[in-house]
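Q:
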Amino acid sequence: MAVNANSNANAKTNAGAGTDAYAIFRLENLQLYFNTRIGPVQAVDGVSFSLASGRTLALVGESGCGKSSLGRAILRLLPRNVHTYKGSIFLNGTDVMTYSNERFRRQVRWVRMALVPQAAMNALNPVVKVEDQVAEPLLVHQRVKNKAEAYSRAYEIFKVLGLPQDFLNRYAFELSGGMRQRAAIAMALVMHPELIVLDEPTSALDLLTQSNIMNVLKKVKWEFKSTFILITHDIATASELADDVAVMYAGQLVEKADARLFYDDPLHPYSRKLMASVPTLRKDKKLEFIPGQPPSLINPPKGCRFADRCELRHERCAAEPPMVTLPDGRQAKCWLVEQKAREQHA
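Residues in the sequence shown are numbered consecutively from 526, following the working numbering.
#1: For A771 and S573, what's the separation of their Cα atoms in angstroms?
#2: Take L714 as the anchor and find which of I815, Y795, Y680 has the nearest alpha-carbon.
#3: G612 to N694, Cα distance in whole Å?
#4: Which residue wins for smallest C-alpha separation from K781, given the options D853, H608, C842, N824?
#5: Going by beta carbon distance, what residues of the same chain come within less than 7 Å of K537, once the five residues before and after it are set aside?
#6: How long is the line joining the alpha carbons of L720 and A767, rounded to whole angstroms?
#7: So, with DSSP's three-state summary, where would you put N626?
#8: Just the Cα atoms here: how many angstroms apart are N560 and K827?
#9: For R855, which of helix, strand or coil comes out of DSSP?
#10: Taking the CB atoms as reference points, tell me whether I756 and V566 lie closer together than 7 Å.
#11: Is the number of C-beta pairs between the region 839–854 and the region 862–870 that are closer than 8 Å three or more?
#12: Take the Cβ of Q777 as the centre, count every other Cβ of all protein chains shown within 10 Å, and call the residue buried at 16 or more, exposed below.
#13: Tell me, which residues are paired with M848 by DSSP?
#14: Could you check whether I760 and V585 sit closer than 7 Å to each other, using their CB atoms as the reference points?
#15: Between which two residues does the beta strand (DSSP E) containing Q556 stretch?
#16: Since S594 is in the alpha helix (DSSP H), which residue starts that stretch and which ends it?
#17: For the region 596–612 against the region 625–645, do three or more pairs of beta-carbon atoms, one drawn from each stretch, fall closer than 8 Å, so that the two count as touching?
#18: To the nearest angstrom, how far is it from the Cα of C628 to the Cα of G589?
#19: Give the C-beta separation of K746 and T581 to the nearest angstrom, bearing in mind that I take them to be a contact with Cβ-Cβ under 8 Å.
#20: For D790, which three-state DSSP category applies?
#21: Quick one: what does DSSP say D657 is sitting in, helix, strand or coil?
#22: Say the cut is 6 Å; is the CB of L602 nearer than that to a heavy atom of the ligand ATP?
#23: Helix, strand or coil for S821 per DSSP?
#24: Give the DSSP-derived three-state secondary structure of D833 in the structure shown.
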């Protein structure tokens, strides 16, 4: 798939992943560690970013970097072995991390924020009809008077997603992979939440179905003015929907930028390597790979976590780099970018 950054970005929020002035969603120093027998795994370690209304932030990185853990931390969908879960999650200016679990379940999850889970094709209940699963959030949160109204709302969502009405009366096993993916998206959309987290929405789908799902998401974004966090390891596919891009590595955010700036000129050495690994139609471009392995998240290095795999590493990389902001709004966690910023201000 060709890399093609979304060109419909709002001019107000063109510099980076949503400025605080227009942010509908903001993370501040979010941490999520898991207990294991050999020590806590730092799956999400001090992640901060903001996102403006109506925009899509693509969260990219290698498998195991913490992307899906971050998505579930946002929705507070946590396993039992949580060691540390702290930070701030602001939704329209309110820190929902201060809510009790019960209040979060009643007022936030599926109401104001929703998730399309990874492997969503297997997330549907095989013994419950699709219409009942899509209508359930409306009934649980008492947003409709009766089942008939809930089914009517579900059908309206299905029409937008390109699903025939008779599919509502089917079971998940009677639907194709693409149709089940649409049904999972419908479940997330039915409450019209302020933010939808899409966790690998095109994984395990063939290329044609992937393209169809991305077109559906574009339509949803346009018609519902939806705000998305798109979690994916497919940096090329992400370009079809992204207004902003954030790159995760070893549990940390290492770069965030406006999508057009990112795809034209990534800042962080890791981001450059990711872009160099994307196939293109250019015959003169040689695909590259990233040597080595990501560091252990149980005992990560004290300095730059990418240093051992970086061809540009130097002495300062032994210390942890700051997240540096350039005048154009791009940010990167790298000493080379810090030096570039100092030179620009000199």
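Where is the CB? At the ideal position from N, CA and C, for every residue including glycine.
A: So, to answer that:
#1: Here residue 771 is taken as the residue at index 246 of the sequence shown, counted from 1. Here residue 573 is taken as the residue at index 48 of the sequence shown, counted from 1. Within the model, the alpha-carbon separation for A771 versus S573 is close to 10 Å.
#2: Here residue 714 corresponds to residue number 189 of the sequence shown, with the count starting at 1. Taking only the C-alpha atoms, the option nearest L714 is Y680.
#3: Position 87 of the sequence shown, counting from 1, holds the residue named residue 612. Position 169 of the sequence shown, counting from 1, holds the residue named residue 694. Roughly 42 Å separates the two Cα atoms.
#4: What you label residue 781 is simply residue 256 of the sequence shown in a count that begins at 1. The candidate whose alpha carbon is nearest that of K781 is D853.
#5: Along the sequence shown, one-based indexing puts residue 537 at 12. With a pLDDT of only 37 at K537, under the threshold of 50, the placement of this residue in the model should not be trusted; the figure read from the coordinates follows. Excluding positions up to five away in sequence, the list reads Y547.
#6: Against the sequence shown, residue 720 aligns to sequence position 195. Against the sequence shown, residue 767 aligns to sequence position 242. Rounded to the nearest angstrom, the gap between the Cα atoms of L720 and A767 is 15 Å.
#7: Position 101 of the sequence shown holds residue 626. Note: N626 maps to helix in three-state DSSP.
#8: Position 35 of the sequence shown holds residue 560. Position 302 of the sequence shown holds residue 827. One C-alpha to the other measures close to 20 Å.
#9: The sequence position of residue 855 within the sequence shown is 330, counting from 1. Coil at R855, not helix or strand.
#10: Numbered from its first residue, the sequence shown carries residue 756 at position 231. Numbered from its first residue, the sequence shown carries residue 566 at position 41. Against a cut-off of 7 Å, the Cβ pair of V566 and I756 comes out as no contact.
#11: Yes: at least three Cβ pairs fall under 8 Å.
#12: Stepping through the sequence shown from its first residue, residue 777 is reached at position 252. Buried, by the Cβ-count rule.
#13: As a working note, residue 848 is residue 323 in the sequence shown. Checking the DSSP bridge columns, you'll see M848 partnered with K858.
#14: Indexing the sequence shown from 1 puts residue 585 at position 60. Indexing the sequence shown from 1 puts residue 760 at position 235. Closer than 7 Å, so yes.
#15: Numbered from 1 along the sequence shown, position 31 holds the residue referred to as residue 556. First-last of the beta strand (DSSP E) with Q556: 548–559.
#16: One-based indexing of the sequence shown puts residue 594 at position 69. It spans 592–600 - the alpha helix (DSSP H) in which S594 sits, taken as one unbroken run.
#17: With a cut-off of 8 Å, the region 625–645 and the region 596–612 count as touching, because enough Cβ pairs lie within range.
#18: Numbered from 1 along the sequence shown, position 103 holds the residue referred to as residue 628. Numbered from 1 along the sequence shown, position 64 holds the residue referred to as residue 589. Contrary to the premise, residue 628 reads as Arg rather than Cys in this sequence. Straight-line measurement puts the Cα of G589 at about 31 Å from the Cα of R628.
#19: As a working note, residue 746 is residue 221 in the sequence shown. As a working note, residue 581 is residue 56 in the sequence shown. Yes, they are in contact, since the Cβ atoms of K746 and T581 sit about 7 Å apart, within 8 Å.
#20: Walking along the sequence shown from the start, residue 790 turns up at place 265. Three-state result, D790: coil.
#21: As a working mapping, residue 657 is identified with position 132 in the sequence shown. Helix at D657.
#22: Looking at this structure, you won't find the ligand ATP or any other ligand, since it has none at all.
#23: As a working mapping, residue 821 is identified with position 296 in the sequence shown. If DSSP states are grouped into helix, strand and coil, S821 belongs with coil.
#24: As a position in the sequence shown, residue 833 is number 308, starting the count at 1. Taken through DSSP and simplified to helix, strand or coil, D833 comes out as helix.
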